[in-house]
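*Asks:* In our numbering, the protein residues as written are 942 to 1111. Positions of the beta carbon are idealized from the N, C-alpha and C atoms, including for glycine.
Here you go:
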């Protein structure tokens, strides 16, 4: 159900997606959606939490591949795993929609904050990186969001070469 909801919310965002559309995509009744989730906001926050769970799993996988205990090596491997994960445009789009909706929707803001708090602390713990290294890791992740959402890697121009230099995408 949540995987199907990810696709539905990715297409039109929190504000543009109805529970009827989620139900139709999942092949269930809208009434059954409401049995599982009392309202759209609870459904969307569950989707956001599911996305953060997938991010965490990717980061764990990346960290497990590293043979070095150097913080930057661990961060680089986690970053590579994250770049591969967001090649799933639906996951990326839900993250972008969630950040936008967080501006005006307190429950979504709390879900996004909680997800980032857990993710930042996991990255810090798994990598042993400094605050500055962890901040740069997340800044690079946000730049990845921009590059992927604009498909900037496919544009041969000075501005895209500047933004994409050294950034791995799948």
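Just list the alpha helix (DSSP H) runs in the region 1032-1076, keeping only unbroken ones of 4 residues or longer that don't cross its boundaries, in chain order.
*Replies:* For the region 1032-1076, whole alpha helix (DSSP H) runs of length 4 or above, ordered along the chain, are 1047-1068.
*Asks:* Does the beta-carbon distance from residue 1070 to residue 1104 come in below 7 angstroms?
*Replies:* Counting from one through the chain shown, the residue named residue 1070 turns up at place 129. Counting from one through the chain shown, the residue named residue 1104 turns up at place 163. No, the pair does not count as a contact, with Cβ atoms beyond the cut-off.
*Asks:* Rounded C-beta distance between residue 998 and residue 1109? I'm assuming under 8 angstroms.
*Replies:* Your numbering for residue 998 matches position 57 in the chain shown. Your numbering for residue 1109 matches position 168 in the chain shown. Not a contact, Cβ separation roughly 19 angstroms.
*Asks:* At which residues does the alpha helix (DSSP H) containing residue 1099 begin and terminate?
*Replies:* For the purposes of this step, residue 1099 is identified with residue 158 of the chain shown, where counting begins at 1. Counting along the chain, the alpha helix (DSSP H) containing residue 1099 begins and ends at 1099-1105.
*Asks:* Measuring straight from C-alpha to C-alpha, what distance separates residue 1005 and residue 942?
*Replies:* Here residue 1005 is taken as the residue at index 64 of the chain shown, counted from 1. Here residue 942 is taken as the residue at index 1 of the chain shown, counted from 1. Roughly 29 angstroms between the two C-alpha positions.
*Asks:* Quick one: grab the DSSP three-state call for residue 1020.
*Replies:* Stepping through the chain shown from its first residue, residue 1020 is reached at position 79. Reduced to three states, the DSSP call for residue 1020 is helix.
*Asks:* What residues in its chain sit with their C-beta under 8 angstroms from that of residue 1053, if we drop five residues either side in the sequence?
*Replies:* Reading the chain shown from its first residue, position 112 is the one you call residue 1053. If we look at residue 1053 and ignore the five residues flanking it on each side, its Cβ neighbours are 989, 1039, 1040 and 1043.
*Asks:* Where residue 1059 and residue 991 are concerned, what is the direct C-alpha to C-alpha distance, given to the nearest angstrom?
*Replies:* Position 118 of the chain shown, counted from the first residue, corresponds to residue 1059. Position 50 of the chain shown, counted from the first residue, corresponds to residue 991. Their Cα atoms are separated by approximately 13 angstroms.
*Asks:* Three-state secondary structure (DSSP) at residue 960?
*Replies:* The sequence position of residue 960 within the chain shown is 19, counting from 1. Three-state result, residue 960: helix.
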